[in-house]
Amino acid sequence: MDTLLSLVSVEGTAAHRYPVSEAMMRGPEAARNVADAIHYFCLLHGRSPGVVDHALARTTDEAQRKILVMLADRFADERAFLAKLVVAVGPLPSTPGQANTETAVLAQHHAIDMLAQSDRAGCALGATVAVLTDWLAIRAVLNHAAERLSVETPDLALPNITKMRTLIGDLTMTPGMERALVFGGQQIVAQHHGLWDLLEARSIAREQALQ
82 MDTLLSLVSV EGTAAHRYPV SEAMMRGPEA ARNVADAIHY FCLLHGRSPG VVDHALARTT
142 DEAQRKILVM LADRFADERA FLAKLVVAVG PLPSTPGQAN TETAVLAQHH AIDMLAQSDR
202 AGCALGATVA VLTDWLAIRA VLNHAAERLS VETPDLALPN ITKMRTLIGD LTMTPGMERA
262 LVFGGQQIVA QHHGLWDLLE ARSIAREQAL Q
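Offset between the sequence shown (1-based) and the working numbering: plus 81.
Okay, structure coming up:
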């Protein structure tokens, strides 16, 4: 479990330069860049059923199900917040290479869904843990957007890193399940990192198109 949480910290959203960059926070194109991020994270995680719901549907272990039921309920609130932001932020900013972006992000969504529906014991749980722990950093971006858009920011009900470590650490897992847990989480972190790379590239493409 510590391996997975460390991976999220070192390679996830909190470690990427773009979410806290001048381009996202204060620059002249910040409004467009924030809108871009909101739309594409909604495409990844704004639909229902999502990662946690798929993991819950695949899990038969009662201890895991109890945790996943709670997490699914709390992430539903995050989905609702994301949906409000999508409405408030307006249309997706026009960007060169739009069709290629859509294809890439839909492929990411499919890959995430496959991880969450994996029959490999521990993989879906690892994907869930990675999404929700990385969401703590993603939420900071959403909160910034909500402030810009005068949208009410709900309290974050997801467990913090310490609580997540306790929740998952109390579960009984075989070495194989632990490896699958890390694998599932690693793939989610890679998808999120890849999306931030793509969003940064789109921001640069919009700037170049104006020159």
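By construction, the Cβ of each residue, glycine as well, lies at the ideal position given by its N, Cα and C atoms.
All values reported here derive from a predicted model rather than from experimental measurement.
Pair within 9 Å by beta-carbon distance, residue i and residue j
i, j, result
"Pro109", "Val222", "no"
"Asp83", "Arg246", "yes"
"Val115", "His225", "yes"
"Ala261", "Gly207", "yes"
DSSP-derived helix/strand/coil call for residue i
i, result
"Ser90", "helix"
"Ser284", "helix"
"Thr243", "helix"
"Gln198", "coil"
"Ala188", "helix"
"Met258", "helix"
"Glu110", "coil"
"Gln292", "coil"
"Gly127", "coil"
"Met151", "helix"
Spatially closest choice to residue i from the options, by CA coordinates
i, options, result
"Asn241", "Glu228, Ala118, Asp215", "Asp215"
"Ile269", "Val133, Thr243, Glu233", "Val133"
"Thr243", "Pro177, Leu217, Ala111, Asp194", "Leu217"
"Thr176", "Ser87, Met106, Asp117", "Asp117"
"Ser87", "Ala211, Asp236, Arg229, Leu137", "Ala211"
"Pro256", "His190, Ala202, Arg155", "Ala202"
"Leu137", "Arg229, Met254, Asp194", "Asp194"
"Gln189", "Val89, Trp277, Glu288", "Trp277"
"Leu187", "Ser90, Phe264, Met106, His126", "His126"
"Glu259", "Ala111, Cys204, Leu213, Arg155", "Cys204"
"Leu196", "Ala104, His135, Glu103", "His135"
Residue i burial status per 10 Å Cβ neighbour count (16 or more: buried)
i, result
"Ser64", "Nothing in the structure corresponds to residue 64, since the chain is present only between 82 and 292."
"Gln267", "buried"
"Ser231", "exposed"
"Thr184", "exposed"
Distance cut-off 8 Å: residue i Cβ against heavy atoms of the ligand COA
i, result
"Leu86", "As presented, the structure is devoid of all ligands, the ligand COA included, so that no description of it is given."
Query raised in the report: Are the stretch 170-183 and the stretch 247-265 touching, with three or more C-beta to C-beta distances below 8 Å?
Result: When C-beta atoms of the stretch 170-183 are compared with those of the stretch 247-265, fewer than three pairs fall below 8 Å, so the two segments do not count as touching.
Report task. Decide yes or no for the touch test of the stretch 114-129 against the stretch 277-286: beta carbon pairs closer than 8 Å, at least 3 of them. Result -> yes
Query raised in the report: Is there contact here, the stretch 153-163 with the stretch 92-107, by at least three beta-carbon pairs under 8 Å?
Result: no
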